[in-house]
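The structure appears below as structure tokens.
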Amino acid sequence: MAREALADLIRHAATVAQTSGLLPKVALPEFSVEPPSRPEHGDYATNLAMRLARAARMAPNAIAQILVSSMPPNDMVATAEVAGAGFINITLKPEYLGHRIASIIEEAGLYGNNDQGGGRRIQVEFVSANPTERLHAASGRAASLGAALGNLLRASGWQVELEYYVNDAGSRLAAFGQSILARYLAARGHVGPETEVP
286 MAREALADLI RHAATVAQTS GLLPKVALPE FSVEPPSRPE HGDYATNLAM RLARAARMAP
346 NAIAQILVSS MPPNDMVATA EVAGAGFINI TLKPEYLGHR IASIIEEAGL YGNNDQGGGR
406 RIQVEFVSAN PTERLHAASG RAASLGAALG NLLRASGWQV ELEYYVNDAG SRLAAFGQSI
466 LARYLAARGH VGPETEVP
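Quick note: this note's numbering has the sequence shown finishing at residue 483, numbered continuously throughout.
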């Protein structure tokens, strides 16, 4: 949510700069708003100035300075600073972060839910562990991954149908069933080919 709001704020700053003639009126390229690799560089960083440099025929650092000075007053950004070749490092206001945390706590288990799926239907298929072999860590992987994927899709507005295939068919399970029957018959005193373990 903060990332999208920051991207909108940065686009607005670019539009203001273009309207006032500080930047040429060229189409804004796609750009990133990501947490920087080092926390001391702020909460987010954007590369718009570097992405815009070629089309604007300006140095990225100069574009970044213009974008920072064109950013309107807002409730999110504490500082926006030009760094390196033209990155803009952004630090969020503590009040904004406090408000976001309060809203996360209030939304509890519904935090992050959205309607990206738009009510469309989707089926998630996954299989059980092989019942004829020993269980191991990978045995639960398909079930947990399938169930988690279904939950994430539901939280994103999809109508989800989970299809859990029980792995109970095939020659291995048939041989397993025949061996149980053979042991049972042998234990009851039957003699014959049906008591031979496959």
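For every residue, glycine included, the Cβ atom is placed at its ideal position computed from N, Cα and C.
Given the structure is predicted, the values throughout are model-derived calculations rather than measurements.
Note to self: Do Ile375 and Ala334 count as a contact pair if the criterion is CB distance below 8 angstroms?
What the structure shows: no
Notebook entry, point to check: Residues in its own chain within less than 6 angstroms of Ile389 by CB, not counting five upstream and five downstream?
Noted result: Tyr396
Margin query: Using DSSP's beta-bridge definition, name the partner residues of Ala368.
Written below: Phe372
Notebook entry, point to check: Thinking C-beta only, is Leu308 closer than 8 angstroms to Ala302?
Noted result: yes
Note to self: If contacts are defined as beta-carbon pairs under 8 angstroms, then Ala299 and Leu352 qualify, I think. What distance do you get, rounded to the angstrom?
What the structure shows: 6 angstroms
Notebook entry, point to check: How about Tyr287 and Arg385: are their beta carbons less than 8 angstroms apart?
Noted result: Residue identity check: residue 287 is Ala in the sequence provided, not Tyr. The answer is yes: Cβ separation under 8 angstroms.
Margin query: Residues in the same chain with beta-carbon distance under 7 angstroms from Ala363, minus the five sequence neighbours each way, listed in chain order, please.
Written below: Thr376, Leu377 and Lys378
Checklist line | Rounded separation between Gly306 and Ala341 - CA only | finding: 12 angstroms
Notebook entry, point to check: Candidates Ala422, Ala432 and Glu392: which alpha carbon is nearest Glu410's?
Noted result: Ala432
Checklist line | Paired residues, beta bridge with Gln408 - DSSP | finding: Glu446
Next item on the list: Take His297 and list the residues in its own chain whose beta-carbon comes closer than 7 angstroms to its own, dropping the five residues that flank it on each side.
Entry: Pro357
Checklist line | Counted within 10 angstroms of its Cβ, other Cβ atoms place Thr304 as buried (16 or more) or exposed | finding: exposed
Checklist line | Residue of Tyr381, Asn359 and Ile348 minimising C-alpha distance to Val367 | finding: Ile348
Next item on the list: Return the first residue and the last residue of the alpha helix (DSSP H) that Ala330 is part of.
Entry: Run containing Ala330: none in the alpha helix (DSSP H); it sits in the beta strand (DSSP E), Tyr329 to Thr331.
Notebook entry, point to check: From the DSSP output, which residues share a beta bridge with Leu377?
Noted result: Val362
Check: Which first and last residues belong to the alpha helix (DSSP H) in which Asn436 is found?
Finding: Arg426 to Ala440
Checklist line | Ala427 beta carbon less than 8 angstroms from that of Arg412 | finding: Sequence check: residue 412 is Val here, not Arg. A contact, by the Cβ cut-off of 8 angstroms.
Next item on the list: Just the C-alpha distance for Ala370 and Asn346, rounded to the nearest angstrom, thanks.
Entry: 6 angstroms
Note to self: For Asn399 and Gly435, what's the separation of their Cα atoms in angstroms?
What the structure shows: 14 angstroms
Notebook entry, point to check: By Cβ distance, which residues of its chain are closer than 6 angstroms to Leu447, with the 5 residues on each side in sequence left out?
Noted result: Val409 and Gly435
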